[in-house]
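*Asks:* Structure incoming, see below.
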DNA sequence: CAGTAAGCGAGACGGTACGTCGGGTCTTACC
DNA sequence: GGTAAGACCCGACGTACCGTCTCGCTTACTG
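Structural data, given as structure tokens:
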């Protein structure tokens, strides 16, 4: 399972990179041929790795989700204050250099289960801890707050990936705004 | 512009309604035949009104944009306080009963020019007036703030249209959070 | 039935002329719009007169058949010798200035019943009289001979209408060849 | 050019056979779907081989033309007397079991260039040789005579393919009539 | 002379065939 | 054995034409 698995992973990775490239250039109209050609791979091989277009998109989304999840894990969210956690989450998500992040974020092939486990759950925990510590005003449900925060981040990441604003300012603005709004006063 | 125009508008409207229905049921895989059948119209007529799939989606998006624009216009944003304007904008956008709002919000066929004129510009004016009156903290550019607010609203409208949260709570939460965050203290 | 009928006939005639013109220019790919436009008539009127494309073609064919029939009738075939009758038939058929004769002869919309009555029957009679008078060799069935003669004429008229050879020479050649071949020796 | 070419040829042949079958059954109203279905082939494949309806008809015509050409070649026209050559040509052409011969003869998709090279030219040579040998009366141009002969044959083949007369009688009648007519006396 | 009925042009409409294109399956040959 | 090349089937897309229909407009007939 050593080399083979590695080779498989490497080929899959090449394909995913190519797909990211093609999708971010041509949008959702990109076809499987372009992906295969860009990956330097036959169309058959492409279908062997990803049995359908949807599967490919899902895998791309999955990879992004895993990236974000890893960043969140590295951020040690459990061990810092609520405010700092919010800052870190924001930077973690906005800081991604999405190859086709925006596209996937537009909902092309989103895979919700893993996204929930790897992204939503850690964020929810942060909100729960913040609530326990009395750092969050209690008028709104945690569910709603965390969902809104996520959407806020999605919006911000779109701004960044479309070069409408730079990452630093946007992250700072999002964190500040959200914290000021959400903070118990 | 009399009867003929009305008839054209009526047929176009029937088609757009059907498209909304089909798209919200089958998602982006819905085909033109389904739309035509649901509209009770021949495929040729469908193409006579909307010369391509993309044109149809654009028109749907356009209609949503115009709806929002009309609501914003009726909201008298110019004559109320900044805070009240933010509340009204939020309710205006979240209060839409999107037939396929979510789909369009996902960016399937978005038409940016009209959206800017009818939605972005009034909102930007509100922010500008708020800034002049000193109601907004000056650390962030107005551009960034208004963009973030829009994305925030988009996120919220997704939550509502996907029944994750109800409209009233979401609108109130968005307005409150955003105002608390944005307000000059 | 007087004026009305005349008007009807005149309009129908204009349409048939236009159809002949269009068909001989564009071949069988000509569409009804072209015919209507060339006739200076609305498409609806065209369909009022000829309820289908096929009906139009049939009518065109019918008109040619009637023309030929009239010529044959004027030729007094019954009262001349077999040889002279053959000559007259040949000239009658080749002498038509087919507007779209060739096309119809190609079989686009041929109406066989009238053709038989107006064209085949007189010709067959000529052959029968010729046989009775012993002017025709008896080895071949009259049926076959007359059919072959018709086809021979069709071929010749194609040559003429496509300007491959002129009418006089062709008619003379056909009559002479056929008579020499068919004559009892 | 080995197997691949053979496969291509085989598939093309299957399609042409199917087209012949469908066309002779449904006439010129047969659609490409029927052809593809009858051939047991997808419509896309049909269009890969014959990029348009017209191309398919042309290919069918071409195949008939080649068949006739081959028969004429096998007939050794150069080495027999003029009379025998005329007999052989007649039998060669009338003897074809047209799958959709009549249709093509009706001129649906006729390809004139090859027809001239493979059919007209050998026949013309026969006439030229006949003229040199003094077997043909000199009053008519060879061009006209050969054209008329061709048309005569077309007429006869129509009679045969439409079962109006049988092949043997028709071929004998055509040859005899034409020879008697054309022969120098 | 006014009213009406019938024919007409214009053009929208439903339906269907055509030709293109992309997705997904499969075979063949290569390495 | 995995891969590249590519043929194949399926079905959607967008176009064009056919035949039907409705709408006003003109025109000619009628009271």
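Residue numbers (our numbering), protein chains in the order written: chain S, 4 to 188; chain L, 4 to 188; chain R, 4 to 188; chain F, 4 to 188.
Cβ atoms here follow ideal geometry from the backbone N, Cα and C, with glycine treated the same way.
Using a Cβ cut-off of 9 Å, which residues of the region 78–103 of chain S contact any Cβ in chain L, in chain order?
*Replies:* Result list empty, no residue passes.
*Asks:* Just the C-alpha distance for residue 176 of chain L and residue 159 of chain L, rounded to the nearest angstrom, thanks.
*Replies:* Rounded to whole angstroms, residue 176 of chain L to residue 159 of chain L spans 9 Å at the Cα level.
*Asks:* By the 10 Å Cβ neighbour count, where 16 or more other Cβ atoms means buried, how is residue 25 of chain S classified, buried or exposed?
*Replies:* That one is buried.
*Asks:* For the candidate residues L/127, L/33 and L/162, whose alpha-carbon lies nearest to that of residue 145 of chain L?
*Replies:* Comparing Cα positions, the closest option is L/127.
*Asks:* Can the beta-carbon of residue 162 of chain L be found closer than 8 Å to that of residue 154 of chain S?
*Replies:* Yes. Within cutoff.
*Asks:* Which runs of the alpha helix (DSSP H), 4 residues or longer, sit entirely within the region 18–42 of chain S?
*Replies:* Counting only runs of 4 or more, we get 35–41.
*Asks:* Whose C-beta lies closer than 7 Å to the C-beta of residue 35 of chain L among residues of the same chain, with five residues either side of it excluded?
*Replies:* Once the five neighbours on either side are set aside, the close Cβ partners of residue 35 of chain L are 46, 49 and 56.
*Asks:* From residue 42 of chain R to residue 54 of chain S, what does the alpha carbon distance come to, in whole angstroms?
*Replies:* So the two alpha carbons sit approximately 59 Å from each other.
*Asks:* How is residue 139 of chain S classed by DSSP in three states: helix, strand or coil?
*Replies:* Residue state, collapsed to three classes: strand.
*Asks:* Answer with yes or no whether the minimum CB distance from residue 139 of chain S to chain L is below 8 Å.
*Replies:* Not an interface residue.
*Asks:* Between which two residues does the alpha helix (DSSP H) harbouring residue 47 of chain R extend?
*Replies:* First-last of the alpha helix (DSSP H) with residue 47 of chain R: 46–52.
*Asks:* Below 8 Å between beta carbons is the criterion; list the residues of the region 141–174 of chain L that meet it against any residue of chain S, in chain order.
*Replies:* Cβ contacts with chain S: 142, 143, 144, 146, 147, 148, 150, 151, 153, 154, 155, 157, 158, 159, 161, 162, 167, 168, 172 and 173.
*Asks:* Run down chain F in chain order and give the residues with a C-beta less than 9 Å from the C-beta of residue 55 of chain R.
*Replies:* The premise fails here: residue 55 of chain R is roughly 12 Å from chain F at the closest Cβ pair, so nothing lies under 9 Å.
*Asks:* Between residue 64 of chain S and chain L, is there a C-beta pair that is closer than 8 Å?
*Replies:* Not an interface residue.
*Asks:* Taking only the alpha-carbon atoms, compute the straight-line gap between residue 151 of chain F and residue 12 of chain F and give it to the nearest angstrom.
*Replies:* Cα to Cα, residue 151 of chain F sits roughly 35 Å from residue 12 of chain F.
*Asks:* If I follow the unbroken alpha helix (DSSP H) through residue 121 of chain F, where does it start and stop?
*Replies:* Element bounds for residue 121 of chain F: n/a, residue is neither H nor E.
*Asks:* Would you kindly report the start and end of the unbroken alpha helix (DSSP H) that includes residue 149 of chain L?
*Replies:* Element bounds for residue 149 of chain L: 145–164.
*Asks:* Please state whether DSSP places residue 99 of chain R in a helix, a strand or coil.
*Replies:* Coil.
*Asks:* Mind reading off the beta-carbon distance from residue 68 of chain L to residue 135 of chain L? Whole number of angstroms is fine, and I expect it under 8 Å.
*Replies:* Not really, about 27 Å apart at Cβ, beyond 8 Å.
*Asks:* So with CB distances below 9 Å, who are the chain R contacts of residue 124 of chain F?
*Replies:* Here the premise fails: no neighbours, minimum Cβ distance about 16 Å.
*Asks:* Can you look up residue 107 of chain S in the DSSP assignment and give me helix, strand or coil?
*Replies:* Unreliable placement is indicated for residue 107 of chain S, whose pLDDT of 46 sits below 50; no coordinate value is reported for it.
*Asks:* Against chain L, which members of the region 13–39 of chain S pass a CB distance test of less than 7 Å?
*Replies:* Against chain L - using a Cβ distance shorter than 7 Å - the region 13–39 of chain S contributes no residues.
*Asks:* Report, in whole angstroms, the separation of the C-beta atoms of residue 129 of chain R and residue 95 of chain R, which I expect to be a contact under 8 Å.
*Replies:* Their Cβ separation, rounded to whole angstroms, is 12 Å, which puts residue 129 of chain R and residue 95 of chain R out of contact at 8 Å.
*Asks:* Do we get a CB-CB distance below 8 Å when we pair residue 181 of chain L with the residues of chain S?
*Replies:* By this cut-off, residue 181 of chain L is an interface position.
*Asks:* Could you confirm whether any beta carbon from chain L is found closer than 8 Å to the beta carbon of residue 58 of chain S?
*Replies:* Cβ-Cβ to chain L under 8 Å: no for residue 58 of chain S.
*Asks:* Is the Cβ of residue 118 of chain S closer than 8 Å to any Cβ of chain L?
*Replies:* So, not an interface residue.
*Asks:* In chain L, which residues lie less than 7 Å from residue 133 of chain S when you measure between Cβ atoms?
*Replies:* The premise fails here: residue 133 of chain S is roughly 14 Å from chain L at the closest Cβ pair, so nothing lies under 7 Å.
*Asks:* Please determine, among F/122, F/123, F/138 and F/93, the residue with the shortest C-alpha to C-alpha distance to residue 174 of chain F.
*Replies:* That would be F/93, whose Cα lies nearest to the Cα of residue 174 of chain F.
*Asks:* Residues of chain L with CB closer than 9 Å to the CB of residue 42 of chain S, please, in chain order.
*Replies:* Going along chain L, no residue has its Cβ under 9 Å from residue 42 of chain S, so there is no contact; the nearest lies around 24 Å.
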